[in-house]
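Asker: Protein chains in written order, with the working numbering: chain A, 195 to 428; chain B, 195 to 428; chain C, 195 to 428; chain D, 195 to 428.
Please read through the structure below; I'll follow up with questions.
Protein chains: 4
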Amino acid sequence: MMHGDSKNLRYPDHRTRVGLARRERTRARLLEAALPVFAKHGADAAIIDSIIRQAGVARGTFYNYFQTNEELFVAVAQEVSNELIRVVDPIASRQDSPAGRIACGVILVLGLAQSYRLLAEFVVRGGHAAVAVGTLATEVIPRDIAAAIAAGECAVDDPVLAFDLILGPVLSAFHTIISQPLDVGYPRALAAAILRSLGINAVMARGLAGRDFGEIVVPEGSILRCGRSLGAAS
Amino acid sequence: MMHGDSKNLRYPDHRTRVGLARRERTRARLLEAALPVFAKHGADAAIIDSIIRQAGVARGTFYNYFQTNEELFVAVAQEVSNELIRVVDPIASRQDSPAGRIACGVILVLGLAQSYRLLAEFVVRGGHAAVAVGTLATEVIPRDIAAAIAAGECAVDDPVLAFDLILGPVLSAFHTIISQPLDVGYPRALAAAILRSLGINAVMARGLAGRDFGEIVVPEGSILRCGRSLGAAS
Amino acid sequence: MMHGDSKNLRYPDHRTRVGLARRERTRARLLEAALPVFAKHGADAAIIDSIIRQAGVARGTFYNYFQTNEELFVAVAQEVSNELIRVVDPIASRQDSPAGRIACGVILVLGLAQSYRLLAEFVVRGGHAAVAVGTLATEVIPRDIAAAIAAGECAVDDPVLAFDLILGPVLSAFHTIISQPLDVGYPRALAAAILRSLGINAVMARGLAGRDFGEIVVPEGSILRCGRSLGAAS
Amino acid sequence: MMHGDSKNLRYPDHRTRVGLARRERTRARLLEAALPVFAKHGADAAIIDSIIRQAGVARGTFYNYFQTNEELFVAVAQEVSNELIRVVDPIASRQDSPAGRIACGVILVLGLAQSYRLLAEFVVRGGHAAVAVGTLATEVIPRDIAAAIAAGECAVDDPVLAFDLILGPVLSAFHTIISQPLDVGYPRALAAAILRSLGINAVMARGLAGRDFGEIVVPEGSILRCGRSLGAAS
DNA sequence: CATGAATGAGGGTTCATTCAT
DNA sequence: CATGAATGAACCCTCATTCAT
């Protein structure tokens with residue numbers, strides 16, 4: 195601790211590595227502190243004060259990580275998007291049809307929104323801006339839509355329309371989730387309705403939306419768990 | 195009233211009437227000035243400056259009408275909601291089935307959003323808050339949903355779910371409208387998809403969404419025309 | 195009512211008289227409405243709104259009576275001062291010595307402040323400004339002081355000092371009155387102490403301050419009763 | 195601490211110390227800037243602008259130190275109270291009797307008010323609120339009163355009354371000081387009168403109020419000197 | 001890199017006052 | 001004279017951002 199003792203004579207490397215890890219850690223703390231604030235007050239909220247207090251860093255430190263309010267919002271949205279993919283995609287990929295993957299994704303995401311209220315609030319308050327960034331809306335969903343169209347499962351041939359038919363009800367459902375207790379059958383019924391809107395017949399829609407997708411696991415420390423672990427942190 | 199009446203011996207009445215008219219006029223000016231600002235910057239924007247400048251009233255005048263930002267937002271949202279009903283409902287009511295009315299409403303509203311860009315932006319930026327007030331979301335749509343369920347047209351029997359299946363795609367469509375040129379068939383295709391999601395068979399959905407609803411007329415001076423008549427005023 | 199009927203053919207006089215009476219009445223209403231506001235918020239308070247509301251007159255009407263905030267304050271202070279003199283002086287004048295009149299005045303005024311809390315608050319919040327106007331501080335008290343000095347009763351020969359020795363404790367007592375229940379003997383003890391400070395010997399001081407001054411009567415409608423008759427007014 | 199220590203490896207400490215010092219300095223600047231404003235316009239004045247201009251700090255800086263107008267007023271009043279004690283008490287303590295200490299305190303304070311006009315104005319405009327905070331009115335004076343009563347020097351046995359008999363004339367004297375040149379004998383005559391009001395006989399009162407208390411010294415930089423050293427500061 | 005005091009633009013809000021009716 | 005809508009100067013306060021340490 196004082197100065198050069200034997201252990202870290204080759205410390206340039208060590209210092210670099212330690213520094214990077216600390217940087218990552220601080221960045222994560224800031225993102226986690228930001229999500230609840232954005233969830234409560236929207237993307238344009240006055241935030242820095244709450245965030246640095248919650249993250250336990252100094253005012254100036256914030257600017258070593260994010261130059262502007264919006265940069266932070268985008269970073270949070272991206273992190274959320276990535277986490278959703280990380281958690282949902284492995285399960286949805288097990289479905290053999292694009293439509294099945296869509297139904298599975300919708301149902302799992304609604305389940306997450308029910309378990310992690312802040313996630314739902316963040317998306318509802320952020321609106322499309324919370325969704326437009328990240329690869330979820332720009333790659334994953336469009337990919338499934340394209341596959342469904344290609345497979346002839348989707349009678350709606352306009353990808354833009356199909357996107358609105360999926361995202362619209364899900365966002366509306368998020369809003370419903372944060373304002374009232376949800377009927378137990380709601381998520382699967384919504385998924386089936388979305389499939390029907392895409393042109394899948396009612397019987398098949400019910401079948402795809404009725405499957406068992408197994409347990410969904412959100413890793414410890416994921417930003418999605420935000421608001422749960424309060425008190426666990428220092 | 196005419197002129198005579200020797201001077202204006204009964205002028206307290208006259209004064210009251212003139213005062214009220216002036217008040218109404220100023221209030222309307224404020225609402226019209228507010229909509230574009232909310233459309234650009236969302237419900238929580240810092241706004242008063244822009245609004246009073248656009249409305250051409252003094253700073254203090256604003257507070258004679260609205261105590262808070264939110265009060266103004268709600269007033270605008272209500273005005274928009276009322277105007278939508280005033281314009282759309284007479285046409286939709288001509289449809290003989292609840293599902294037909296829903297399709298008609300969706301198509302007309304999308305048409306309005308295309309013609310009046312600020313309307314679309316206001317709703318998208320305002321999100322559910324822009325829709326939750328006023329009787330559109332609380333009475334008109336629920337009433338049609340209930341009627342459709344009662345008529346056996348709607349396989350979705352959860353009114354909350356049905357609401358999300360209608361509003362969700364429409365809001366998403368509004369977002370699409372403000373970000374890209376819309377395929378000409380998009381509105382009717384969306385309406386048909388919504389009907390399908392509600393459990394109406396594809397053929398009937400296409401039929402209901404394909405009808406001719408006649409010309410839609412937005413009265414001169416309606417808040418919906420906001421952003422069109424700039425320059426005509428004052 | 196319509197126009198000239200017999201009754202008021204000589205109505206210029208009548209109208210003038212009625213007008214003057216109404217004017218006086220409105221003015222009084224404004225003063226009575228002002229005192230509580232000054233009492234609660236001090237001389238520099240934002241007042242016009244509360245006052246016109248309480249007095250039941252229109253905004254513009256106020257300016258037909260008082261041009262500025264301060265003009266109103268001075269008017270209230272003068273009215274208070276005049277009323278105090280009107281109520282107290284007839285009783286104090288019965289005392290045969292100047293010192294007796296001083297003691298009597300002090301004791302009666304403290305009694306009034308106890309009965310009419312708003313009076314006490316008005317004076318405390320207004321400070322010397324509430325006292326400096328009006329003839330109480332500029333004529334009545336100085337006259338008694340001069341008489342006492344002339345009569346050889348007052349060892350303090352500086353009238354300014356004597357004035358401070360009387361007014362200071364009384365104002366301090368007002369402050370005490372509004373912040374805590376007063377010991378029953380406080381007013382007479384204070385009066386005696388003031389006399390001692392002026393150089394009157396303790397025995398005589400106690401004697402003068404111990405007399406019975408009879409009942410004090412505040413006329414119905416006096417501004418001093420402010421805050422009592424709430425509900426009686428329209 | 196000295197210098198060496200190779201660079202400044204432990205500079206967090208250094209930073210903290212420097213930061214604290216700067217904070218204290220800024221706070222003092224604000225208090226010094228505030229006193230004259232309160233002195234001119236009273237405790238409820240709209241002030242922040244004048245204060246920050248005079249103190250030479252930015253608008254936002256003010257709010258890093260005081261949340262409200264009143265908080266600032268209290269801070270100034272406390273500082274004034276503390277300074278008065280710091281300056282007067284060492285001298286008054288040399289008196290061997292409680293009554294002597296009271297007389298000494300009164301005389302010295304009046305002297306200060308004569309030398310430092312702003313002090314007098316601040317107290318007069320602030321009224322009892324300017325005196326109620328701080329230990330002067332709540333501890334020092336009551337302690338002397340209690341001691342005087344215990345020593346049998348004070349015939350007034352109600353501490354509240356005794357307090358009013360001391361504070362009242364002094365405040366009134368402050369008012370006199372700011373409105374007219376004071377007779378040279380006024381302070382000692384007032385002190386003697388106060389002692390008489392407390393029940394001390396005239397001869398002793400004159401004796402105690404006639405002593406020589408030596409030179410009173412107000413330290414450089416004390417808030418009491420406010421309005422004197424303008425230009426001396428940065 | 002971290003710190004946090006200072007900044008000041010950018011917004012909000014009040015309220016005495018005016019003036020057409 | 002009474003009315004009250006409109007006015008706008010003069011305040012208030014926040015919070016993203018900078019920078020010396």
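Every residue, glycine too, gets a C-beta built ideally from N, C-alpha and C.
(1) Taking 8 Å as the cut-off, decide whether the C-beta atoms of residue 260 of chain D and residue 269 of chain D are in contact.
(2) For a contact defined as C-beta to C-beta under 7 Å, what are the partners of residue 404 of chain D on chain C?
(3) Could you work out which residues of chain C lie near residue 370 of chain D, taking near to mean beta carbons separated by less than 9 Å?
(4) Give me the Cα-Cα distance between residue 313 of chain C and residue 315 of chain D, rounded to the nearest whole angstrom.
(5) In this structure, does DSSP put residue 222 of chain B in helix, strand or coil?
(6) Consider the Cβ of residue 311 of chain D: report whether some Cβ of chain C lies at a distance smaller than 8 Å.
(7) Taking the alpha carbon of residue 291 of chain B as the point to measure from, which residue in B/394, B/409 and B/417 has its own alpha carbon closest?
(8) What do you get for residue 363 of chain C, buried or exposed, if any count of 16 or more other CB atoms within 10 angstroms of its CB means buried?
(9) I need the straight-line Cα distance from residue 372 of chain C to residue 230 of chain B, nearest angstrom please.
(10) Relative to the alpha-carbon of residue 299 of chain D, which residue among D/326, D/211 and D/284 has its alpha-carbon at the smallest distance?
(11) Examine the Cβ distances between the stretch 263-278 of chain D and the stretch 325-344 of chain D and report whether three or more of them are shorter than 8 Å.
(12) Once you ignore the five residues that flank residue 382 of chain B on each side, which residues in its own chain have a CB closer than 7 Å to its CB?
(13) Against chain B, does residue 292 of chain A count as a neighbour if the rule is that its beta carbon must be under 8 Å from one of theirs?
(14) Determine the direct distance from the alpha carbon of residue 210 of chain B to that of residue 216 of chain B, and round the result to whole angstroms.
(15) At 4 residues or longer, what runs of the alpha helix (DSSP H) sit wholly inside the stretch 307-341 of chain A?
(16) Between residue 391 of chain D and residue 344 of chain C, how many whole angstroms is the CB-CB distance? I'm expecting something under 8 Å.
(17) Which of helix, strand or coil does DSSP assign to residue 353 of chain C?
(18) Output the distance between the C-alpha atoms of residue 220 of chain A and residue 281 of chain B, rounded to the nearest integer angstrom.
(19) Is the Cβ-Cβ distance between residue 263 of chain D and residue 241 of chain D less than 8 Å?
(20) For chain C, check one thing: does any of its Cβ atoms lie closer than 8 Å to the Cβ of residue 211 of chain D?
(21) Please return the same chain residues whose Cβ sits closer than 7 Å to the Cβ of residue 417 of chain C, not counting the five positions on each side in sequence.
(22) Do you know how far the Cα of residue 401 of chain B is from the Cα of residue 335 of chain B?
(23) Starting from the beta carbon of residue 339 of chain D, find every residue of chain C whose beta carbon is closer than 7 Å, and list them in chain order.
(24) Taking 8 Å as the CB-CB cut-off, is residue 245 of chain A touching chain B?
(25) Can you give me the C-alpha to C-alpha distance between residue 235 of chain C and residue 340 of chain D, rounded to a whole angstrom?
(26) So for residue 403 of chain D, helix, strand or coil by DSSP?
(27) For residue 337 of chain D, is the classification buried or exposed, using 16 other Cβ atoms within 10 angstroms of its Cβ as the cut-off for buried?
(28) With a threshold of 7 Å, establish whether the CB of residue 213 of chain B neighbours any heavy atom of the ligand FAD.
(29) Under 8 Å, do residue 317 of chain D and residue 324 of chain D count as touching if we go by C-beta distance?
(30) To the nearest angstrom, how far is the alpha carbon of residue 305 of chain C from that of residue 288 of chain C?
(31) May I have the straight-line CA-CA distance separating residue 293 of chain B from residue 223 of chain A, to the nearest angstrom?
(32) For residue 391 of chain B, return the contacting residues in chain A, with the cut-off set at a CB-CB distance below 8 Å.
(33) Got a sec? Which residues, its chain only, sit under 7 Å from residue 233 of chain B by beta carbon, not counting five neighbours each side?
(34) Would you report the Cα separation of residue 347 of chain B and residue 355 of chain B, rounded to the nearest angstrom?
Answerer: This is what the structure holds:
(1) yes
(2) Simply none; closest approach about 15 Å.
(3) 354, 355, 357 and 358
(4) 24 Å
(5) helix
(6) no
(7) B/394
(8) buried
(9) 54 Å
(10) D/284
(11) yes
(12) 301, 403 and 404
(13) no
(14) 10 Å
(15) 311-320 and 322-326
(16) Not a contact, Cβ separation roughly 22 Å.
(17) helix
(18) 54 Å
(19) yes
(20) no
(21) 225, 226, 229, 273, 274 and 277
(22) 21 Å
(23) By Cβ distance, chain C contributes nothing, its closest Cβ being about 13 Å from residue 339 of chain D, past 7 Å.
(24) no
(25) 34 Å
(26) helix
(27) exposed
(28) For the ligand FAD, the structure offers nothing, since it holds no ligand at all.
(29) yes
(30) 18 Å
(31) 50 Å
(32) 359, 363, 387, 388, 390 and 391
(33) 312, 315, 316 and 319
(34) 15 Å
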